[in-house]
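65 is the number of the first residue of the sequence shown in our numbering; add one for each residue after it. Heads up, the beta-carbon is just placed ideally off N, CA and C, and yes, glycines get one too.
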Amino acid sequence: MAVASGSHTHPEHRGPTVAGAPSTDEQDLQQVLAGVRAGAARLRAVPVDQLIARVDRVVQRWLEPGSPWMENAVQLLGASTGFHPRMLAHALPFQLELLHAAALEDLLRREFGRPSGVDVPQWPTQLVVHVLAGNIPGLAAVPICLGLVAKQATVIKPASGDPLFAQLFHESLCELDPELAAAVAVVSWRGGDRRVENTVFSNADVVVAMGGFDALRSLSAQLGRKLRALGPRLSFAFVGRDVLESEATADAWARAVAYDVSVWDQRGCLSPQLVFVETGGIFGPAEFSELLAAHLQAWLEPLPCRSLTPEEQAAIRAFRDEAEWQPGARLLASRGDLAWSIAIEPEPRFVPTCLHRCVRVQSVADVETLVSLLAPHRAWLEGAGLGVQKERFPWIKALLCSIGVHWVTPLGRMQRPTLEWCPGGRPRIVDWICQ
């Protein structure tokens with residue numbers, strides 16, 4: 065177990081190890097948990113507009129050109145996550161961009177009626193533990209910043225797939241605003257270590273956990289009503305016939321789909337795995353797939369693939385084999401490597417891919433047919449990217465939201481949500497306060 069709740073180093077001289085003395089002592093851990101509760105209690109006296117401004121200043125320091133914090137994170141996370149530095153430099157800012165002051169104010173207004181709602185004397189200060197997923201790096205920034213503006217004590221458990229970012233962000237808080245940092249702790253332990261988990265979870269008021277079904281089922285048995293579970297989800301793209309009437313527009317939307325697939329190698333819950341092409345346009349699924357293939361290849365230079373494990377390589381080969389053997393299907397794939405794969409399928413079906421830039425392209429007669437296909441799977445749905453004329457966008461969005469899609473956006477923007485997106489349909493902050 066490693067604990068960090070206040071130590072820091074300068075960003076230009078920080079090494080790749082987690083700051084804070086490694087400890088297996090329960091007393092040390094209890095002190096850390098008590099410390100973040102005390103730190104959050106001190107924030108109760110700070111007006112929320114000041115907290116928002118202070119959080120915004122930290123975030124902007126990460127986003128400013130030449131930021132030593134961001135440059136250091138890009139350098140260190142390449143080795144710890146397997147992502148290429150160019151991918152990290154491009155996409156790591158996305159988690160931070162949505163945390164600007166106006167967005168934080170709007171979020172508090174949506175969830176509490178007004179931002180100053182968190183300033184009332186009876187406002188609860190709780191200990192919220194976030195068990196993060198490691199599918200993409202940088203996820204810790206959002207719960208840390210939202211916890212601060214909501215005056216909650218925040219404990220982050222990083223995932224093994226992204227062991228460093230939470231600590232790097234916490235260290236920037238320690239240097240730039242120690243009072244904020246005192247309400248946050250980063251605690252790492254091996255999943256399933258019941259001794260540590262019993263200490264952390266027994267002190268927690270709420271545990272927000274991302275992960276697979278088996279892990280969440282185990283946590284649910286352990287935590288009961290304390291748990292706020294965020295399980296696996298699937299996102300998709302829809303390309304309407306109205307934008308498939310010319311090669312120029314079809315190509316532009318194919319490029320947008322390829323971008324959404326390429327960012328984070330499709331590992332995010334907002335990454336499209338299925339592409340539904342509406343029939344009736346000049347460009348059908350096969351022609352659109354040819355354009356998509358060209359753009360998936362083109363994105364490899366600015367957004368290189370993550371290194372693949374042997375298991376991931378085997379999964380991609382199995383996906384390709386399925387497409388080659390499925391009657392009526394056709395495979396388009398990168399040559400000489402496993403960089404990207406497209407399965408053009410004869411019938412629409414709701415089946416996930418193996419990720420790693422593998423997509424299924426299917427035809428649907430119209431939006432109503434798509435809704436009928438997806439509605440039985442609402443428990444899996446998360447995001448949708450739309451390639452349609454702007455006149456069609458609002459009503460298609462309304463239809464998709466009615467069957468459980470939580471984030472609908474134009475294609476090319478799927479991986480850059482705002483705080484209006486509620487993952488899994490759960491409120492971002494109210495969910496922590498209301499038992």
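How many angstroms separate the CA atom of residue i from the CA atom of residue j?
{"i": "Ser252", "j": "Leu445", "result": "30 Å"}
{"i": "Ala205", "j": "Leu163", "result": "9 Å"}
{"i": "Val122", "j": "Val213", "result": "13 Å"}
{"i": "Val191", "j": "Asp306", "result": "It is Leu, not Val, that sits at residue 191 in the sequence shown. So the alpha carbons of these two residues sit roughly 50 Å apart."}
{"i": "Asp315", "j": "Ala268", "result": "50 Å"}
{"i": "Ala85", "j": "Val96", "result": "Per-residue confidence for Ala85 stands at a pLDDT of 36, beneath the threshold of 50, marking its modelled position as unreliable; the derived number appears in the next sentence. Going from the Cα of Ala85 to the Cα of Val96 covers about 12 Å."}
{"i": "Leu396", "j": "Ala350", "result": "10 Å"}
{"i": "Cys498", "j": "Arg399", "result": "52 Å"}
{"i": "Leu107", "j": "Arg150", "result": "38 Å"}
{"i": "Asp241", "j": "Gln114", "result": "12 Å"}
{"i": "Arg367", "j": "Pro188", "result": "This sequence places Leu at residue 367; Arg is not what is there. Cα-Cα distance, rounded: 43 Å."}
{"i": "Arg421", "j": "Ser284", "result": "32 Å"}
{"i": "Leu298", "j": "Ser335", "result": "8 Å"}
{"i": "Cys369", "j": "Val119", "result": "33 Å"}
{"i": "His470", "j": "Gly489", "result": "6 Å"}
{"i": "Val195", "j": "Ala379", "result": "27 Å"}
{"i": "Ala167", "j": "Pro374", "result": "41 Å"}
{"i": "Ser87", "j": "Val494", "result": "For Ser87, the pLDDT reaches just 48, beneath the cut-off of 50, and the residue's location in the model is therefore unreliable, although a value from the coordinates is still provided. Answer to the nearest angstrom: the Cα atoms are 33 Å apart."}
{"i": "Trp133", "j": "Glu484", "result": "27 Å"}
{"i": "Phe383", "j": "Asp257", "result": "35 Å"}
{"i": "Pro80", "j": "Leu232", "result": "Since pLDDT at Pro80 reaches only 23, below the 50 mark, its modelled position is unreliable, and the value read off the structure follows with that caveat. Approximately 9 Å between the Cα atoms of the pair."}
{"i": "Phe147", "j": "Gln186", "result": "45 Å"}
{"i": "Thr343", "j": "Asp401", "result": "32 Å"}
{"i": "Pro179", "j": "Ser427", "result": "45 Å"}
{"i": "Thr482", "j": "Ala102", "result": "31 Å"}
{"i": "Val219", "j": "Val270", "result": "10 Å"}
{"i": "Ser371", "j": "Thr417", "result": "18 Å"}
{"i": "Leu93", "j": "Val264", "result": "8 Å"}
{"i": "Pro491", "j": "Pro129", "result": "32 Å"}
{"i": "Phe176", "j": "Pro111", "result": "15 Å"}
{"i": "Asn136", "j": "Arg480", "result": "22 Å"}
{"i": "His531", "j": "Thr145", "result": "The requested residue 531 does not occur in the structure, where the chain is confined to residues 65 to 499."}
{"i": "Val415", "j": "Val100", "result": "43 Å"}
{"i": "Phe457", "j": "Gly449", "result": "10 Å"}
{"i": "Leu287", "j": "Pro410", "result": "45 Å"}
{"i": "Arg331", "j": "Ala117", "result": "32 Å"}
{"i": "Asn262", "j": "Ile467", "result": "38 Å"}
{"i": "Met478", "j": "Cys465", "result": "15 Å"}
{"i": "Cys486", "j": "Gln91", "result": "36 Å"}
If you follow the alpha helix (DSSP H) that residue i is in, where does it begin and where does it stop?
{"i": "Arg281", "result": "277-287"}
{"i": "Arg15", "result": "There is no way to answer for residue 15, as the model of the chain reaches only from 65 to 499."}
{"i": "Cys465", "result": "457-466"}
{"i": "Trp471", "result": "Unbroken run through Trp471 is the beta strand (DSSP E), 471-474; no alpha helix (DSSP H)."}
{"i": "Pro132", "result": "132-145"}
{"i": "Gln114", "result": "112-127"}
{"i": "Glu375", "result": "374-389"}
{"i": "Phe265", "result": "258-267"}
{"i": "Ser436", "result": "431-438"}
{"i": "Val100", "result": "90-107"}
{"i": "Val494", "result": "494-497"}
Start and end of the beta strand (DSSP E) containing residue i?
{"i": "Pro242", "result": "Unbroken run through Pro242 is the alpha helix (DSSP H), 242-245; no beta strand (DSSP E)."}
{"i": "Met478", "result": "Premise fails: Met478 is in no beta strand (DSSP E) and is neither H nor E."}
{"i": "Glu426", "result": "A small fix is needed here, since residue 426 is Gln in this sequence, not Glu. First-last of the beta strand (DSSP E) with Gln426: 422-428."}
{"i": "Val251", "result": "248-252"}
{"i": "Ile408", "result": "405-408"}
{"i": "Val415", "result": "Premise fails: Val415 is in no beta strand (DSSP E) and is neither H nor E."}
{"i": "Gly451", "result": "445-451"}
{"i": "Ala273", "result": "270-274"}
{"i": "Ala397", "result": "394-397"}
Under the assumption that residue i contacts residue j (Cβ atoms under 8 Å), give the Cβ distance between them as a whole number of angstroms.
{"i": "Met274", "j": "Ala197", "result": "4 Å"}
{"i": "Val339", "j": "Val250", "result": "Val339 to Val250, Cβ: 38 Å. No contact."}
{"i": "Phe300", "j": "Gln337", "result": "7 Å"}
{"i": "Pro201", "j": "Phe229", "result": "5 Å"}
{"i": "Ala221", "j": "Val193", "result": "Checking the sequence shown, residue 221 turns out to be Lys, not Ala. 7 Å between Cβ atoms; contact."}
{"i": "Val327", "j": "Val423", "result": "The Cβ separation is near 13 Å, so there is no contact."}
{"i": "Trp126", "j": "Leu152", "result": "Rounded, the Cβ-Cβ distance is 13 Å, inconsistent with contact."}
{"i": "Leu419", "j": "Asp329", "result": "7 Å"}
{"i": "Leu434", "j": "Phe347", "result": "With a Cβ gap of about 18 Å, Leu434 and Phe347 do not count as contacting."}
Kindly say whether residue i, judged by its beta-carbon, lies nearer than 7 Å to any beta-carbon of chain B.
{"i": "Glu342", "result": "Among the chains in the structure shown there is no chain B, since it carries only a single protein chain."}
* Kindly confirm or deny that the segment 453-464 and the segment 163-172 touch, where touching means at least three C-beta pairs closer than 8 Å. => The answer is no - the segment 163-172 does not touch the segment 453-464, with fewer than three Cβ pairs under 8 Å.
Worksheet item: Which runs of the alpha helix (DSSP H) fall wholly inside the segment 167-226 and span at least 4 residues, in chain order?
Response: DSSP runs (the alpha helix (DSSP H)) wholly in the segment 167-226: 205-213.
- Task: Evaluate contact between the segment 402-416 and the segment 351-368, counting only Cβ atoms and requiring at least three cross-stretch pairs below 8 Å.
- Result: With the cut-off at 8 Å, the segment 402-416 and the segment 351-368 touch.
- Does the segment 335-352 touch the segment 378-390, meaning 3 or more C-beta pairs lie closer than 8 Å? These segments do not touch.
Three CB pairs or more closer than 8 Å across the segment 280-295 and the segment 423-441
No, the segment 280-295 does not touch the segment 423-441.
3 or more residues per run - each beta strand (DSSP E) lying fully within the segment 331-381: If only uninterrupted beta strand (DSSP E) runs of at least 3 residues are considered, those enclosed by the segment 331-381 are 336-342.
- Message: Extract the residue ranges of the alpha helix (DSSP H) inside the segment 288-328, only unbroken runs of 4 or more that lie entirely within it.
- Response: Complete alpha helix (DSSP H) runs here, min 4: 311-326.
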